[in-house]
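*Asks:* Below you'll find the structure I mean.
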Amino acid sequence: MYQCVIKNFKSCCRIHVNITVVKSYSCVHSGSSSANLSDLNQILYLNNSGSLQCYLEFPDSCVLGPIRWYKDCKEITREQQKFVPSGKKLFVYNVSAEDEGNYTCTAKLTHLGNPGNPYEVLKRITVSIRESGRPGGRIPTITYPKNNSIEVRLGSTLIVDCNITDIKENTNLRCWKVNNTMVNDYYSDSGRIQEGIETNVSAEGHISYTVNITFLEVKMEDYGLPFTCHAGVSAAYIMLRLPAPDLRAYLIGGFVALTVVVTSVLGVYSTFKVDIVLWYRSAFHSTESREDGKLYDAYVLYPKPRRDSQCHHVDRLVLKLLPEVLERQCGYKLFIFGRDEFPGQAVASVIDESIKLCRRLIVILAPESESSSFGPLQNLSEEQIAVYSALIQDGLKVILIELERITDYGTMPQSIQYLRQKHGAVQWRGDCTEQAQCAQSKFWKEVRYRMPPRRYPPSSPGPLQWHKPCSRKGGTWEPCAGRVTH
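Under the working numbering, the first residue of the sequence shown is numbered 783, with each subsequent residue one higher.
See below:
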């Protein structure tokens, strides 16, 4: 009788140990057998496959070497296909009556504190053979896997448990196989896929076993390959498959990309809208005649300022620059009161009938010097009729041209304020130079953008005078031969 006393600051523990000395036994040294010293009894079932477990359990401070197996003191090697050692297990295939007997598992044990003096440890197992139909031969149940598939990403690490429920008396083979080969043997070269250590939890009447398989790195060759967990005659497999693509990411990415594209297109169009529209009209113009009953493209309405200098600028813009650019260079047809009416006609009827024959109404705005109100436009019948026609005709669009910058429209007539709010205005920035006659300048592009699209006939029947688009030479703008097309 031995006593072991363990003391610390809080408690004192005493352990009693009984030691029985028997004759030394080891198949390795003596070559003799001593069946009465068996440590364990394990059962194998006839015509089935099973496994024997070597219960050599030691603390972490001990290192256990490779385990060797003996049957009736004859070493079992891997050349014997019936027996397959794997860790602390010995798999026995196609059990027969000759497999009954005494088995021994032995290994070298090295303590970390004394690595130079290994100990030999062993367990003795008595194996009995039973017929599978007798009590104790119940078929084990694999609760997972269930012949299912698992989504796993390429290159990731994966651990899958095989959960088995079996009775205590059974010593069924429990392992993972691929292509009918033990996983550890199939991947012995790379070790990329390994079978883990079996663990078990005892319960009343049965034991729950867990054997896992570890994929250190999932490769493309693993997808669609069945990895089968075996427990006696029971088997269940898993198959790996690639994860389904995440459509939400594609949808979000597509929506963001579409939003960026639409925003960019709208931004570009907003910035270059005038140039784009003019280019489109030039590239895809129609040669068919317009059947809208209109004879003129625009009616030009302009005030009669009180100042001589302002009157000179208005007359130059209306009577020289508008005809030069819009009629001669761009091919539009304008109606300018005082230039195009027939002598002797009633003013009111001429204006009313002429406006009905026009597609646009060009209104020249010039602030008065003595008052900020647009006095002449309020009093002259021409302006009244024109503005009234623009207000009551839905198809008549108005082009407001500011001869000078007008900051306050509050003193303007209500009709002008309404037209300014609805159609906007273009500010005249030209002067008396040749540049003012260039149809490609920003001001004239804005006016042409607001004008109706031109219809170009296949041939020009009349003796229309053609002018060149302007070009810049030596710091001045010079007209060139030809008509502006955009």
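Yeah, the Cβ is synthetic: ideal placement off N, Cα and C, and Gly gets one too.
1. For Met783, does the three-state DSSP call read helix, strand or coil?
2. Thinking C-beta only, is Pro927 closer than 7 angstroms to Ala1018?
3. For Leu828 and Ser868, what's the separation of their Cα atoms in angstroms?
4. Quick check on DSSP: helix, strand or coil for Gly1035?
5. Taking all protein chains shown into account, do 16 or more other C-beta atoms lie within 10 angstroms of the C-beta of Arg1141, making it buried, or fewer, making it exposed?
6. Starting from the N-terminal side, write out each stretch of the beta strand (DSSP E) that is 3 residues or longer and does not extend beyond the stretch 926 to 971.
7. Buried or exposed: Ile797, going by 16 or more other Cβ atoms within 10 Å of its Cβ?
8. Who are Cys794's beta bridge partners in DSSP?
9. I need the straight-line Cα distance from Tyr969 to Val909, nearest angstrom please.
10. Hey, out of Gly1113, Leu1099 and Asp1134, whose CA is closest to Ile1183's CA?
11. Suppose the cutoff is 8 angstroms on Cβ atoms and the five residues either side in sequence are ignored; what does the same chain contact list for Arg860 look like?
12. Determine the DSSP secondary structure at Gln1203, reduced to helix, strand or coil.
13. Taking DSSP's pairing of strands, which residues face Val799 in a bridge?
14. Using 8 angstroms for Cβ pairs, my map puts Asn954 next to Gly1014. What's the rounded Cβ distance?
15. Within this structure, are the beta carbons of Ile1181 and Arg1232 separated by less than 7 angstroms?
16. Does the stretch 884 to 893 come close enough to the stretch 838 to 852 to have 3 or more Cβ pairs within less than 8 angstroms?
17. Near Lys1224, what residues of its chain come up, given a Cβ to Cβ distance below 8 angstroms and the 5 sequence neighbours on each side ignored?
18. Per the contact definition of three or more C-beta pairs closer than 8 angstroms, is the stretch 1110 to 1122 in contact with the stretch 1075 to 1085?
19. Please identify the residue among Ile979, Glu999 and Cys957 whose C-alpha is closest to the C-alpha of Ser972.
20. Secondary structure at Pro1105, three-state DSSP: helix, strand or coil?
*Replies:* A quick look at the data gives this:
1. When DSSP states are grouped into helix, strand and coil, Met783 belongs to the coil group.
2. Yes; because the gap between Cβ atoms is below 7 angstroms, this pair is in contact.
3. Leu828 and Ser868 have their alpha carbons spaced roughly 21 angstroms apart.
4. In this structure, Gly1035 counts as helix in the three-state DSSP scheme.
5. With 16 or more other CB atoms across the displayed protein chains lying within 10 angstroms of its CB, Arg1141 is buried.
6. Counting only runs of 3 or more residues that sit fully inside the stretch 926 to 971, the beta strand (DSSP E) segments are 930 to 933, 940 to 948 and 956 to 960, in chain order.
7. By the beta-carbon neighbour count (other beta carbons within 10 angstroms, threshold 16), Ile797 is exposed.
8. Bridge partners of Cys794: Lys789.
9. For Tyr969 and Val909, the distance between alpha carbons rounds to 31 angstroms.
10. When only C-alpha atoms are compared, the closest one is Leu1099.
11. Contacts found: Val866 and Pro867.
12. In the structure shown, Gln1203 sits in a helix (DSSP, three-state: H, G or I).
13. DSSP output for Val799 lists Tyr784 as bridge partner(s).
14. About 3 angstroms separates the two Cβ atoms, so the contact holds.
15. A contact, by the Cβ cut-off of 7 angstroms.
16. Flag = yes, the stretch 884 to 893 and the stretch 838 to 852 touch.
17. Closer than 8 angstroms at Cβ, skipping near neighbours: Arg1211.
18. By the Cβ criterion, the stretch 1075 to 1085 is in contact with the stretch 1110 to 1122, since at least three pairs of Cβ atoms, one from each stretch, lie closer than 8 angstroms.
19. In terms of CA proximity to Ser972, Glu999 leads the group Ile979, Glu999 and Cys957.
20. Per DSSP, reduced to three states, the secondary structure at Pro1105 is helical.
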